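Sequence order for the protein chains is S and X.
Last residue of the first sequence: number 214 in numbering that gives the first Met the number 0, and the count goes up by one each step with no gaps.
Last residue of the second sequence: number 214 in numbering that gives the first Met the number 0, and the count goes up by one each step with no gaps.
Okay, so here's the structure we're looking at.
There are 2 protein chains.
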Amino acid sequence: MKQLLRVQNFTVSSDGIAAGEDQTLERPFGHHIAPRELMAWAVATAHWPNRTDPGGGRGLDDYFTRDFTHNIGAEIMGRNKFGPQRGPWHDHQWRGWWGDEPPFHTPVFVLTHHTRPSFTLSDTTFHFVGGDPADVLARAREAAQGKDVRLGGGVSTIREFLDADLVDTLHVVVTPVKLGSGLRLWDSPDELMDRFHLEVVPSPSGVTHHLFWRK
Amino acid sequence: MKQLLRVQNFTVSSDGIAAGEDQTLERPFGHHIAPRELMAWAVATAHWPNRTDPGGGRGLDDYFTRDFTHNIGAEIMGRNKFGPQRGPWHDHQWRGWWGDEPPFHTPVFVLTHHTRPSFTLSDTTFHFVGGDPADVLARAREAAQGKDVRLGGGVSTIREFLDADLVDTLHVVVTPVKLGSGLRLWDSPDELMDRFHLEVVPSPSGVTHHLFWRK
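See below:
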């Protein structure tokens, strides 16, 4: 089967916003967005990757968090998902938000115009790559060894790969929170319906899952 | 994490019936039930285990068929799921409904009072076991090597393990077809709500997913 490029568990506000514009070390999602609030639906599930206790719900939302690693062999992420720095890498102390055990467990390709050596934390290796989306995807596919590739975000990265028509499936979670300003994935999910099938599935938790797959 | 006992993709009619009572070689689900009709929701998905072409939907229903093998290390099934024969095994020609490539890919424990040697088809090994549900589950858990165990059905087997309070999660799919008579899983899903959380999720395909997990 073809190696798909998949967006998974990507969460936006009711007005389509995933992050603020003034990202800092203290506020990885930007000024007015608390990651815990936006991701509360996922944090409550049994398969939330960062869960350390045995609890958590096993309803609908859990099917999405448990699918996070399923048949994924690599991730591509934007530099702003990796960290708050901009421009050349001044030092190599920063190794991502995730501590010594990142939840990826595969090679991760971080998009950047600035070179930096690869490094490994536990079973995740971060590579720093430039080039156009098709080139980066080709490298990620090779590293994924037959499995699919996750497109991890943020918003700018997803839009760039959508513009290049490289995305095969998207799972976007819309939360009932309205944010007003920030980095916007869409004005409406209808924007994608020329190229994708769409199913809209309300969850008992209050979020609404949007499932897109290529026509 | 604990090894769960999970019912997955188990499909019943709107009146709770999963099989007719007069199962034969020609009608594996009993006299008035066409398996294709009951399972149409699953057959239409990209991850339907028997799919041979690259098509299929990737909406909500597909999350359930793709979860079929996820973290499953063994299956327990009733004898009537394995075949239409009753009583002692007269010969060992019958090796299940699934041909040379069964969709299980793990050890399978078939409940029977009658001894029969184990055999292997591709990466599935069938064992024939007696004993009470807790004993069978202990054997299946050992074979699953840390992974979960699927309880494959049919109705009588699921009810037996529910009566013994051994089931951790159930995913039951209710189709809009009404059957009237046959082997009934429940009169109403409410019967399980003293022991389980329940989320009821209508699918755009017309079926309704019922997700139970232990309180």
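Built from N, CA and C at the ideal position, the CB exists for glycine as well.
For clarity, every value in this text was computed on a predicted model and none was experimentally measured.
query	result
Starting from S/Trp-93, follow the alpha helix (DSSP H) in both directions and report where the run begins and ends.	Careful: S/Trp-93 lies outside any alpha helix (DSSP H) and carries neither H nor E.
Provide the residue span of the alpha helix (DSSP H) that contains S/Asn-79, from first to last.	78 to 81
Starting from X/Leu-169, trace the beta strand (DSSP E) in both directions and tell me its first and last residue.	168 to 173
Please name the residue, chosen from S/Glu-74, S/Leu-24 and S/His-69, that lies closest to S/Arg-140 on a Cα-to-Cα basis.	S/Glu-74
Rank X/Asn-79, X/Thr-105 and X/Arg-183 by C-alpha distance to the C-alpha of X/Trp-93 and give the top, closest one.	X/Asn-79
Could you give the residue range of the beta strand (DSSP E) that holds X/Arg-213?	207 to 213
Would you kindly report the start and end of the unbroken beta strand (DSSP E) that includes X/Pro-201?	195 to 201
Could you compute how far the alpha carbon of S/Ala-41 sits from the alpha carbon of X/Val-172?	23 Å
For S/Pro-188, which of S/Leu-165, S/Trp-97 and S/Leu-197 has the nearest alpha-carbon?	S/Leu-197
I need the straight-line Cα distance from S/Ile-157 to S/Val-6, nearest angstrom please.	8 Å
Report the neighbours of X/Leu-59 on chain S: residues whose CB is nearer than 8 Å to its CB, in chain order.	Glu-198, Val-200, His-208 and Leu-210
Across which residues does DSSP place X/Leu-120 in a beta bridge pair?	X/Thr-123
Out of curiosity, what's the CA-to-CA distance linking X/Leu-165 and S/Gly-181?	49 Å
Please list, in chain order, all residues of the same chain as X/Ala-163 whose beta carbon is under 7 Å from its beta carbon, the five residues on each side excluded.	Pro-132 and Ala-133
Which residue from S/Pro-203, S/Leu-161, S/Ser-155 and S/Leu-150 puts its Cα closest to that of S/Thr-174?	S/Pro-203
At 8 Å on the CB atoms, spell out the chain X contacts of S/Pro-132, in chain order.	Within chain X, no residue comes near S/Pro-132; the closest Cβ sits about 21 Å away, beyond 8 Å.
S/Ala-17 by DSSP, collapsed to three states: which one?	strand
Can you check which of these residues, X/Asn-49, X/Arg-50 and X/Asp-66, is closest to X/Leu-169 by C-alpha distance?	X/Asp-66
Can you tell me which of the three DSSP states S/Ala-73 falls into?	strand
Which chain S residues sit within Cβ distance under 9 Å of X/Pro-188?	Within 9 Å Cβ-Cβ: nothing; X/Pro-188 doesn't reach chain S, min ~14 Å.
Got a sec, what are the start and stop residues for the alpha helix (DSSP H) S/Leu-136 sits in?	132 to 143
Do S/Trp-96 and S/Pro-201 have their beta-carbon atoms positioned less than 8 Å apart in this structure?	no
Note down, in chain order, all residues in the stretch 156 to 173 of chain S with a beta-carbon under 8 Å from any beta-carbon belonging to chain X.	Thr-168
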